[in-house]
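Taken in order, these protein sequences are the chains called A, B and C. Its first residue numbered 288, the first sequence is counted upward by one per residue in this note's numbering. Its first residue numbered 420, the second sequence is counted upward by one per residue in this note's numbering. Its first residue numbered 3, the third sequence is counted upward by one per residue in this note's numbering.
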Amino acid sequence: MSRTFTPRVSLIAMLALGLAGFGAARAGTLQVSVTDKDGKPAQDVVVLVDPSVKSAPKASTTPVLIAQQDLKFAPFLTVVPVGSTIRFINKDNYDHHIRSTPSGPLGSMPSVKNFELRLDAANEAPASNDEYKTAAPKGKKSGTSWQEVKVDQAGPIGLGCHLHSSMRGQVYVSGTPFFAKTDANGQATIEGVPDGAADVSIWHPDQIAEQSPIHVTVTPAPLKAVGQLNFTPPRKRRG
Amino acid sequence: MPSRLRHAALTALAAALPLSLAAPVHAQEAPKLAWGNGKLLLTGGVSSVDGAAGGGLTPWAVTASYATENQVGATAHLTRVKTQDYAMTAYGAAVGIGDRFEFSIARQDFDTGATGTALGLPGLHLKQDILGAKLRVAGDAILDSDSLMPQIAIGLEHKTAHAGDLEPTLTALGASTSGTDVYLSATKLFLAQGLLLNGTLRATKANQNGLLGFSGTGHTGYSVQPEISIAWLARKNVAIGAEYRGKPDNLNPSLLGAGLKEDDWSDVFVAWAPSKNLSLTLAYVDLGRIVPAVATRRQTGTYLSAQVAF
Amino acid sequence: MTISFRRIAAIAFATLAFSAGAIAQAQPTTRPADDSLYQQFGAQPGLIKLIDDFMVRLLADPRTQPFFKDVNQAHVKEELVVQLCEVAGGPCKRKGPDMQKVHAGFDIDRASFNALVEVLQQAMDAQGIPFSAQNRMLAQLAPMHREIVNVK
């Protein structure tokens with residue numbers, strides 16, 4: 288049986304062209320570079336990309352881990368999409384009492400999720416943390432060294448420990464599927480951003496005033512965007 | 420940017436504006452020197468008779484004032500010594516920087532009393548100006564209570580003697596009118612026992628600490644003298660102790676035979692610091708023989724010193 | 003330098019004194035052999051009273067207040083009681099984070115450390131603890147400056 292090839296060729300050609308164009312129109316890689324007010328690379332800056340074509344963030348299928356180790360939250364900053372589950376694991380040999388706190392240096396940004404988790408020491412000891420033979424047993428053991436929290440609203444969540452006041456961490460729940468945090472060089476890379484106009488917002492845990500958004504136009508070619516914080520974060524001891 | 424965040428941020432900004440003082444931040448810029456008195460009580464020593472911080476007669480490895488790391492402090496002192504045949508007034512000031520450097524300046528005014536008259540120079544005062552510098556090179560005298568390591572410092576004292584009408588005599592004796600002492604000190608407070616020990620080795624050419632010039636005919640080189648202090652903290656603000664200071668004997672023999680023989684110095688003392696601003700030291704001193712050609716007995720008597728610290 | 007009896011006596015005395023000190027300190031500060039120091043501090047009730055008063059003074063002294071105003075006071079006091087009990091030869095063993103980690107979140111200079119020592123001395127004075135016992139306790143705690151002071 289013979290088919291006339293020409294209409295199929297044109298159809299195939301159209302489809303091929305369309306597919307090629309379709310694929311190229313989706314992909315855009317955005318490399319964001321953030322410095323502080325003094326021009327130094329800014330680490331642990333939350334980068335959120337809001338394209339004109341909105342899409343819902345996809346929650347991760349596995350819990351995102353935040354460990355408590357050596358009196359620190361590891362990592363210090365965690366950015367997760369809305370709907371994710373965060374698992375807090377205590378890896379220290381002593382109890383931690385994790386709780387959500389407001390964010391910002393003035394504590395003015397309320398947490399989008401409130402929780403308090405008592406997490407036992409990683410190496411379970413049946414008695415209380417410190418051996419004091421003449422003392423009455425004190426402190427409550429929760430019986431677990433990890434617990435999970437589901438975050439269903441976008442925004443910041445400060446992290447603290449009721450027992451160890453120097454422990455500070457930060458969670459940012461993203462309402463957009465396109466997010467990242469800057470590394471030690473102030474760099475963040477976000478892939479798969481739809482072509483077209485987009486707003487890039489940056490947010491630092493120590494900021495007081497909102498940062499100005501960066502307006503970009505995403506294209507198939509990799510795009511670099513540069514942002515600058517409106518303040519210089521203090522060289523904070525994170526332990 | 421979520422509108423809730425924008426609202427919260429704007430609220431924060433509005434709240435921040437009336438606050439001229441930012442919330443305390445944990446971080447510090449690069450540490451700058453600031454006037455301070457961070458040392459624990461009595462751990463800056465007292466002012467020695469040459470101006471350096473230490474005991475009354477000998478410099479220690481501690482630095483002057485209560486300034487600790489990143490701090491600057493200063494002291495000023497006035498000292499009066501009276502023995503049977505002589506008296507001396509000494510005064511000066513010192514600056515301590517970062518518990519690392521010390522600079523001091525002192526003047527001694529020695530009244531020769533009847534000895535001056537006997538030498539044909541009634542009313543003779545032997546004076547001396549001393550510029551001191553000290554560098555702490557290692558160790559912590561106070562807090563390293565789990566180690567034998569002392570605090571160690573090196574220092575120098577540049578002395579210029581003003582012997583007045585006695586100068587021609589000193590020249591004839593082969594003595595010069597200026598010299599520099601160089602010393603090495605090791606100091607440790609044995610905290611559990613409340614006992615402080617200091618050992619100093621001083622390379623010097625000084626005659627009677629420099630009041631009778633430096634070197635002498637036949638004794639032109641440096642000699643190394645040992646100096647030892649021991650102090651017991653009876654209370655937080657009271658120390659009781661003793662010192663011993665070896666001295667060269669460069670003007671013996673001399674044109675005056677053994678008439679200018681000199682001895683080692685020693686004392687027993689009590690130091691009281693009612694606050695970090697003031698300390699008083701009272702001592703019984705033995706300055707040995709001073710110009711025994713005229714004043715034959717060993718010179719013993721009282722030493723009283725007041726030091727103010729800023 | 004004249005070799006005289008006086009000089010020999012002085013040097014011998016000093017050498018003996020240094021040796022005595024050295025022998026006393028022949029080993030690094032470890033757990034005391036008995037609990038005499040712990041008893042001198044009033045055992046557990048005494049230490050609790052001391053640390054309660056100590057915390058009040060830490061919050062009142064402007065040099066130490068910034069470090070303690072935000073801490074969980076009950077937790078810190080508990081840790082201090084156990085720490086002092088342990089180093090004084092008492093029946094305790096502190097199992098919390100080590101000193102360096104606990105203090106790594108703060109900027110602590112030598113002057114601040116000394117200020118805390120002074121406040122502790124005031125608290126011990128107020129509790130009537132003999133000066134010699136105070137010094138024995140301080141001798142156990144002082145080497146911690148190496149882990150706690152983190153700003154030059």
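Every residue, glycine too, gets a C-beta built ideally from N, C-alpha and C.
*For Lys-680 (chain B), write down the residues that DSSP places opposite it in a beta bridge.*
Position 261 of the second sequence, counted from the start, is the residue given in the question as residue 680 (chain B). In DSSP, Lys-680 (chain B) forms no bridge with anything.
*Using only alpha-carbon positions, find the residue among C:Glu-88, C:Met-146, C:Gln-123 that is nearest to Gln-136 (chain C).*
In the third sequence, the residue the question calls residue 136 (chain C) occupies position 134. Ranking the options by Cα distance to Gln-136 (chain C), first place goes to C:Gln-123.
*asked:* Taking DSSP's pairing of strands, which residues face Ser-390 (chain A) in a bridge?
replied: Position 103 of the first sequence, counted from the first residue, corresponds to residue 390 (chain A). Ser-390 (chain A) pairs with A:Met-396.
*asked:* Within 10 Å of its beta-carbon, does Ser-289 (chain A) have 16 or more other beta-carbons around it, so buried, or fewer, so exposed?
replied: As a first step, residue 289 (chain A) is located in the first sequence; it is residue number 2 there, counting from the start. Its pLDDT being 48, under 50, Ser-289 (chain A) is placed unreliably by the model, and the measurement read from it follows with that caveat. Counting Cβ neighbours within 10 Å, Ser-289 (chain A) comes out exposed, since fewer than 16 surround it.
_Sequence-distant residues of the same chain with beta carbon closer than 7 Å to Ala-537 (chain B), five excluded per side_ = Along the second sequence, read from residue 1 onward, the residue named residue 537 (chain B) stands at position 118. Excluding sequence neighbours, Ala-537 (chain B) sits near Val-713.
*Could you list the residues in the stretch 541-554 of chain B with a C-beta less than 9 Å from some C-beta on chain C, going in chain order?*
none
*First and last residue of the alpha helix (DSSP H) that includes Lys-103 (chain C)?*
Within the third sequence, residue 103 (chain C) is the residue found at index 101, counting from 1. Looking at the DSSP string, the run of the alpha helix (DSSP H) that includes Lys-103 (chain C) is 101-105.
*Less than 8 Å between the CB atoms is what I'm expecting for Val-481 (chain B) and Thr-619 (chain B), so what's the real figure, rounded?*
Residue 481 (chain B) sits at position 62 when you count from the first residue of the second sequence. Residue 619 (chain B) sits at position 200 when you count from the first residue of the second sequence. About 12 Å separates the two Cβ atoms, so there is no contact after all.
*Just checking, does the stretch 441-450 of chain A make contact with the stretch 377-392 of chain A on the three C-beta pairs under 8 Å criterion?*
yes
*Within the same chain, show all residues whose beta-carbon is closer than 7 Å to that of Ser-339 (chain A), passing over the 5 residues directly before and after it, in chain order.*
Looking up residue 339 (chain A) in the first sequence gives position 52. Correct list, in chain order: Gly-483, Ala-484, Ala-485.
*asked:* Which residues in chain C have a C-beta closer than 7 Å to the C-beta of His-449 (chain A)? List them in chain order.
replied: For the purposes of this step, residue 449 (chain A) is identified with residue 162 of the first sequence, where counting begins at 1. Those within 7 Å of His-449 (chain A) in chain C are Asn-74.
*Pick out whichever of B:Asp-565, B:Leu-630, B:Ser-566, B:Leu-616 has its Cα sitting closest to the Cα of Ser-597 (chain B).*
Here residue 597 (chain B) is taken as the residue at index 178 of the second sequence, counted from 1. For Ser-597 (chain B), the nearest C-alpha among the options comes from B:Leu-630.
*Is Arg-405 (chain A) buried or exposed, if buried means 16 or more other CB atoms sit within 10 Å of its CB?*
Along the first sequence, read from residue 1 onward, the residue named residue 405 (chain A) stands at position 118. Buried, since its Cβ has 16 or more Cβ neighbours within 10 Å.
*asked:* So with CB distances below 7 Å, who are the chain C contacts of Ser-244 (chain A)?
replied: Given a span of 288 to 526 for chain A in the structure shown, any question on residue 244 (chain A) remains unanswerable.
*Below 7 Å between beta carbons: does that hold for Arg-716 (chain B) and Gly-707 (chain B)?*
If you number the second sequence from 1, residue 716 (chain B) lands on position 297. If you number the second sequence from 1, residue 707 (chain B) lands on position 288. No, the pair does not count as a contact, with Cβ atoms beyond the cut-off.
*Does any residue of chain A bring its CB to less than 7 Å from the CB of Gln-41 (chain C)?*
Taking the third sequence and counting its residues from 1, one reaches residue 41 (chain C) at position 39. No, Gln-41 (chain C) lies away from the interface with chain A (no Cβ there is under 7 Å from its Cβ).
*Just mark Arg-522 (chain A) as buried or exposed, buried being the case when its beta carbon has 16 or more other beta carbons within 10 Å.*
Mapped onto the first sequence, residue 522 (chain A) falls at position 235. Burial call: exposed.
*Could you pull out every unbroken alpha helix (DSSP H) segment of at least 4 residues lying fully inside the stretch 105-152 of chain C, listed in chain order?*
112-128, 133-143, 147-150
*asked:* Looking at chain C, is there any beta carbon in it that lies within less than 7 Å of the beta carbon of Phe-309 (chain A)?
replied: On the first sequence, position 22 is the one that residue 309 (chain A) refers to. Note that Phe-309 (chain A) scores 49 on pLDDT, short of 50, meaning its location in the model is unreliable; the coordinates nonetheless yield the value given after this. Using a CB distance cut-off of 7 Å, Phe-309 (chain A) does not count as an interface residue toward chain C.
_Less than 7 Å between CB atoms is the rule here; does Glu-521 (chain B) satisfy it with respect to chain C?_
For this step, residue 521 (chain B) is matched to residue 102 along the second sequence. Taking Cβ atoms only, chain C never reaches closer than 7 Å to Glu-521 (chain B), which makes this a no.
_Please identify, using Cβ separations under 8 Å, the residues of the stretch 606-637 of chain B that lie next to chain C, in order along the chain._
Correct list: Lys-607, Phe-609, Leu-610, Ala-611, Gln-612, Gly-613, Leu-614, Leu-616, Gly-618.
*Taking the alpha-carbon positions, what's the Gly-676 (chain B) to Asp-668 (chain B) distance?*
Residue mapping note: residue 676 (chain B) aligns to position 257 of the second sequence, counting from 1. Residue mapping note: residue 668 (chain B) aligns to position 249 of the second sequence, counting from 1. Near 12 Å, if we compare the C-alpha coordinates of Asp-668 (chain B) and Gly-676 (chain B).
*asked:* Need the endpoints of the beta strand (DSSP E) that Lys-458 (chain B) sits in, please.
replied: Mapped onto the second sequence, residue 458 (chain B) falls at position 39. Note, Lys-458 (chain B): premise wrong, no beta strand (DSSP E); not H, not E.
*Thr-534 (chain B) lies in the alpha helix (DSSP H); which residues open and close that run?*
Taking the first residue of the second sequence as position 1, residue 534 (chain B) is located at position 115. Element bounds for Thr-534 (chain B): 532-537.
*Scan the stretch 376-393 of chain A for residues whose Cβ lies nearer than 8 Å to a Cβ of chain C and list them as they occur along the chain.*
Asp-379, Asn-380, Tyr-381
*Please list the partners that Asn-116 (chain C) has in chain B, where partner means a Cβ-to-Cβ separation under 8 Å.*
Translated into positions along the third sequence, residue 116 (chain C) becomes position 114. Chain B residues near Asn-116 (chain C): Gly-457, Lys-458, Leu-459, Thr-487.
*In the stretch 494-543 of chain B, which residue ranges form an unbroken beta strand (DSSP E) of at least 3 residues, counting only runs that do not cross its ends?*
As far as the stretch 494-543 of chain B is concerned, its whole beta strand (DSSP E) runs of at least 3 residues are 506-516, 520-530.
*According to DSSP, is Tyr-40 (chain C) helix, strand or coil?*
Along the third sequence, read from residue 1 onward, the residue named residue 40 (chain C) stands at position 38. Looking at Tyr-40 (chain C) - three-state DSSP - the assignment turns out to be helix.
*Pull up the DSSP beta-bridge partners for Gln-570 (chain B), would you.*
On the second sequence, residue 570 (chain B) is found 151 positions in, with the first residue counted as 1. Note: Gln-570 (chain B) sits in a beta bridge opposite B:Thr-606.
*Identify whether Gln-498 (chain A) lies in helix, strand or coil by the three-state DSSP scheme.*
In the first sequence, the residue the question calls residue 498 (chain A) occupies position 211. Gln-498 (chain A): coil per DSSP, three-state reduction.
*To which residues of the same chain is Leu-567 (chain B) closer than 8 Å at the C-beta, ignoring the five residues directly before and after it?*
By 1-based counting over the second sequence, the position of residue 567 (chain B) is 148. Excluding residues within five positions, the ones whose Cβ falls inside 8 Å are Lys-607.
*Interface positions of the stretch 555-573 of chain B facing chain C (Cβ-Cβ less than 9 Å), listed along the chain*: Asp-559, Ile-561, Leu-562, Asp-563, Ser-564, Asp-565, Ser-566, Leu-567
*Which whole-angstrom value describes the C-beta separation of Trp-479 (chain B) and Ser-648 (chain B), a residue pair presumed to lie in contact below a C-beta threshold of 8 Å?*
One-based indexing of the second sequence puts residue 479 (chain B) at position 60. One-based indexing of the second sequence puts residue 648 (chain B) at position 229. Under the criterion of beta carbons closer than 8 Å, Trp-479 (chain B) and Ser-648 (chain B) qualify as touching, at roughly 7 Å.
_Beta carbon of Pro-250 (chain A) nearer than 7 Å to that of Tyr-459 (chain A)_ = Not covered by the structure: residue 250 (chain A). The range shown for chain A is 288 to 526.
*Given that a residue counts as buried once 16 or more other Cβ atoms are within 10 Å of its Cβ, and exposed if not, what is Ala-441 (chain A)?*
Your numbering for residue 441 (chain A) matches position 154 in the first sequence. Buried, since its Cβ has 16 or more Cβ neighbours within 10 Å.
*Mind listing the chain A neighbours of His-77 (chain C)? Cutoff is C-beta to C-beta under 7 Å, in chain order.*
By one-based count along the third sequence, residue 77 (chain C) stands at place 75. Ordered by position in chain A, the residues that pass the 7 Å Cβ test against His-77 (chain C) are Leu-450.
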